[in-house]
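J.: First the structure, then my questions, so here it is.
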Amino acid sequence: MSPAAPVWIDRRAVVPIHAAQLAEHGGPSGIRDPALLESTLSAPEQLHHYGTPDLFELAA
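Okay, structure coming up:
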């Protein structure tokens, strides 16, 4: 039996979490670079598909 695939964090979850953190701790509102956010969110998924990391490496 193969292990279950990881559940990836979606941009629709990250943006409200980011807004809540800004409201609590301060900082400029909004996302500075949406393309960089997309790239960052897709990096672990790409590594999972094309590399040999374990879940701890993917989370880091």
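Residue numbers (numbering that gives the first Met the number 0): 0 to 59. In this text, a Cβ means the ideal position worked out from N, Cα and C, and glycines have one as well. Predicted model, so just to flag it, every value in this text is computed and none were measured.
With a threshold of 8 Å, are at least 3 pairs of Cβ atoms found where one atom belongs to the stretch 7-18 and the other to the stretch 27-47?
T.: Segments in contact, yes.
J.: Ends of the alpha helix (DSSP H) at R31?
T.: The residue given as residue 31 occupies position 32 in the sequence shown. Looking at the DSSP string, R31 is not in any alpha helix (DSSP H), and its letter there is neither H nor E.
J.: Rounded to the nearest angstrom, how far is the Cβ of L54 from that of L46, given a contact under 8 Å?
T.: Numbered from 1 along the sequence shown, position 55 holds the residue referred to as residue 54. Numbered from 1 along the sequence shown, position 47 holds the residue referred to as residue 46. With 8 Å as the limit, L54 and L46 do not qualify as a contact, their Cβ atoms being about 11 Å apart.
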